[in-house]
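Notes follow the structure.
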Amino acid sequence: ALGEHGIKTDFIPGKFVAESLIDGMRERLQSGDRVLLPRAEGGRALLVDGLKEAGAVVDEVHLYRSVPAEDIAVNARGVFEAGVDTITFASSSTVKNLVDALDGDVEAINRCVVACIGPVTAETARGLGVKVDVEATEHTVPGIVEALEVFYAREKLGAVSSR
184 ALGEHGIKTD FIPGKFVAES LIDGMRERLQ SGDRVLLPRA EGGRALLVDG LKEAGAVVDE
244 VHLYRSVPAE DIAVNARGVF EAGVDTITFA SSSTVKNLVD ALDGDVEAIN RCVVACIGPV
304 TAETARGLGV KVDVEATEHT VPGIVEALEV FYAREKLGAV SSR
């Protein structure tokens, strides 16, 4: 996406988590380098702290805030009543917001196949009592889709072989 706007990407981490970005940036940063970090308000401090520990001067700019919808509880309960098989979580905040909307009752969530985009989101889910069935290896939306395809293919194979 950056290339479409004439912006050159100097580094893309192997894994799309803050820890991998920090590791890669440590190799590239010199003490005193300034880093602009556009991000969500309320995000993990890990990236900021890691860059500062590597000697960077970090300028944070909060571009947006993740806020749950007003009618989330009604909508969530309605979806579960109608029936849902799979839930995908692309961030820790989506897990927290859904669990909060259900007043901490994760029973309906745990009746579904739960897929998380990566280890941070999966850890948050487990910490809130949500079972995680699928964790994407590539921490992107296509990665979570691929992980679900593999999960359901294996599940289908298991159903066929148990006949």
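Going by the working numbering, the sequence shown runs without a break in its numbering and finishes at 346. From the three backbone atoms N, C-alpha and C, an ideal C-beta is built for every residue, glycine too.
TODO: With DSSP as the reference, please indicate the residues paired to residue 219 in a beta bridge.
DONE: 242
- [ ] Just list the alpha helix (DSSP H) runs in the region 268 to 308, keeping only unbroken ones of 4 residues or longer that don't cross its boundaries, in chain order.
- [x] 275 to 284 and 290 to 293
Task: Neighbourhood of residue 124 by C-beta, 6 Å cutoff - its chain only, sequence neighbours within 5 removed - done: As displayed, the chain neither begins before 184 nor continues past 346, which places residue 124 out of reach and without an answer.
Open item on the list: Let me check understanding here. Comparing Cα to Cα, which of 202, 213, 271 and 238 lies closest to residue 305?
Closed with: 271
Task: Simplified DSSP state of residue 317, which is helix, strand or coil - done: strand
TODO: Mind checking which residues open and close the alpha helix (DSSP H) that includes residue 263?
DONE: 255 to 265
Open item on the list: Using C-beta distances below 7 Å, list every residue in its chain close to residue 323, excluding the 5 sequence neighbours before and after it, in chain order.
Closed with: 199
Open item on the list: I'd like to know whether the C-beta atoms of residue 261 and residue 289 end up nearer to each other than 8 Å.
Closed with: no
Open item on the list: Considering only their Cβ atoms, is the gap separating residue 194 from residue 211 smaller than 8 Å?
Closed with: yes
Open item on the list: Need the endpoints of the alpha helix (DSSP H) that residue 211 sits in, please.
Closed with: 201 to 211
TODO: Can you grab the Cα-Cα spacing for the pair residue 184 / residue 190, in whole Å?
DONE: 9 Å
Open item on the list: With DSSP as the reference, identify every bridge partner of residue 247, one or two as the case may be.
Closed with: 223
Open item on the list: Can you tell me whether residue 234 is helix, strand or coil according to DSSP?
Closed with: helix
Open item on the list: Pairs of beta-carbons, one from the region 220 to 238 and one from the region 246 to 255, closer than 8 Å: are there three or more?
Closed with: yes
Task: residue 282 beta carbon less than 8 Å from that of residue 297 - done: no
TODO: Could you tell me which of 209, 338, 203 and 339 sits nearest to residue 237, measuring between CA atoms?
DONE: 209
Open item on the list: Can you list, in chain order, the residues of its chain with a C-beta nearer than 6 Å to that of residue 233? Leave out the 5 residues immediately preceding and following it.
Closed with: 205
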